[in-house]
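To keep things clear, I will list the structure first and then write my remarks on it.
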């Protein structure tokens, strides 16, 4: 589908802006160029990270998680700033042409497209939402493209206290607080007290008792991804880190890290 503009000059100018934006963000992210997914009009905004295109397909914005709306789920409590995130996205992209770009897996288990979106003027939609403080970085092992740029955009909003970063619901947890947030996606900070390896798996323990204290688990099958990125989890002992992911109960609260972008090394 071509850009819905009058005149080939404007169309090519819009495409050139998107191409320049893609090249810029690829350099910033140290990433390979994203793959072209075509151009479509946004006809509906479902929430802060999901839209419907003019061909009926839903697109879930890869690499971010916006505050959640109930969307018909019984008993689901709306997250703070969820409506604000949706409204911001509607002002940004509704009834506008967007370019889809892929950097990994193209569909999720619900059949939604997983893509980065760019407006005609080159605006990267994910980056805009993160910079506004209306989403968090939420990467997957099969969709890591642009992760560094995503984290940079989130960091700018967090340091400025914009959007969700001024609300206690989204505050970064201390390692000792993780146990009170089982079955939720969180950012957790602390010092790795001990890094242990067992049967190829690595455990980053944040307390004296691994049976009860917060732990980050890395499966043997995921270690190659960490090594290839230059991050040795066993070398994190004594380092202060920030880890993001779903907190589960496994001998105390734990996050499974499947790819290095989940772990950020912080100053002492």
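Numbering (my numbering), first residue to last: 1442 to 1709.
In this text, a Cβ means the ideal position worked out from N, Cα and C, and glycines have one as well.
Excluding the 5 residues flanking residue i on each side, which residues of the same chain have their C-beta closer than 7 Å to its C-beta?
i: residue 1651; result: 1644, 1692
i: residue 1654; result: 1646, 1647, 1648, 1693
i: residue 1585; result: 1545, 1700, 1702
i: residue 1549; result: 1501, 1555
Residue range of the alpha helix (DSSP H) that residue i falls in?
i: residue 1667; result: 1664-1669
i: residue 1566; result: 1566-1572
Measure the alpha-carbon distance for residue i versus residue j and round it to whole angstroms.
i: residue 1529; j: residue 1547; result: 25 Å
i: residue 1544; j: residue 1516; result: 35 Å
i: residue 1701; j: residue 1659; result: 10 Å
i: residue 1709; j: residue 1539; result: 42 Å
i: residue 1493; j: residue 1646; result: 42 Å
i: residue 1661; j: residue 1590; result: 28 Å
i: residue 1565; j: residue 1542; result: 10 Å
i: residue 1559; j: residue 1638; result: 42 Å
i: residue 1624; j: residue 1694; result: 9 Å
i: residue 1562; j: residue 1534; result: 11 Å
i: residue 1480; j: residue 1531; result: 18 Å
i: residue 1673; j: residue 1628; result: 20 Å
i: residue 1684; j: residue 1482; result: 36 Å
i: residue 1605; j: residue 1666; result: 31 Å
i: residue 1610; j: residue 1527; result: 18 Å
i: residue 1484; j: residue 1630; result: 39 Å
i: residue 1621; j: residue 1581; result: 24 Å
i: residue 1656; j: residue 1615; result: 12 Å
i: residue 1641; j: residue 1668; result: 13 Å
i: residue 1490; j: residue 1536; result: 16 Å
i: residue 1619; j: residue 1626; result: 10 Å
i: residue 1705; j: residue 1690; result: 22 Å
i: residue 1474; j: residue 1579; result: 20 Å
i: residue 1511; j: residue 1603; result: 23 Å
May I ask you to check if the CB of residue i is nearer than 8 Å to at least one heavy atom of the ligand COA?
i: residue 1486; result: As presented, the structure is devoid of all ligands, the ligand COA included, so that no description of it is given.
Counting along the chain, where does the beta strand (DSSP E) carrying residue i start and finish?
i: residue 1477; result: 1476-1488
i: residue 1694; result: 1694-1697
i: residue 1653; result: Unbroken run through residue 1653: none, as it is neither H nor E.
i: residue 1506; result: 1504-1506
i: residue 1631; result: 1625-1632
i: residue 1515; result: Run containing residue 1515: none; DSSP gives neither H nor E here.
i: residue 1690; result: 1681-1690
i: residue 1677; result: Neither: residue 1677 is in no beta strand (DSSP E) and is coded neither H nor E.
i: residue 1637; result: 1635-1639
i: residue 1705; result: 1704-1706
i: residue 1644; result: 1642-1646
i: residue 1494; result: 1491-1494
Could you pull out every residue in the same chain whose Cβ sits closer than 8 Å to the Cβ of residue i, ignoring the five residues on either side in sequence?
i: residue 1509; result: 1488, 1517, 1519, 1520, 1523
i: residue 1601; result: 1574
i: residue 1663; result: 1582, 1698, 1699, 1700
i: residue 1478; result: 1540, 1541, 1542, 1543, 1547, 1554, 1556
i: residue 1567; result: 1502, 1503, 1504, 1505, 1557, 1558, 1576, 1587, 1591, 1594
Excluding sequence positions up to five away, which residues of its chain have a Cβ less than 6 Å from the Cβ of residue i?
i: residue 1686; result: 1696, 1703
i: residue 1670; result: 1701
i: residue 1577; result: 1506
i: residue 1467; result: Low confidence applies to residue 1467: its pLDDT is 46, below 50, so where it sits in the model is not reliable enough to give any reading.
i: residue 1599; result: 1606
Problem set entry | Inter-stretch contact (C-beta, 8 Å, three-pair minimum) for the segment 1630-1639 and the segment 1664-1682 | yes
Exercise. Touch check for the segment 1548-1565 and the segment 1499-1509: three-plus C-beta pairs under 8 Å?
Worked result: yes
Problem set entry | 4-residue-minimum alpha helix (DSSP H) runs that sit fully inside the segment 1517-1588, ordered along the chain | 1523-1534, 1566-1572
For this session: Count the CB pairs spanning the segment 1563-1572 and the segment 1584-1600 that are closer than 8 Å, and state whether there are at least three.
Result: yes
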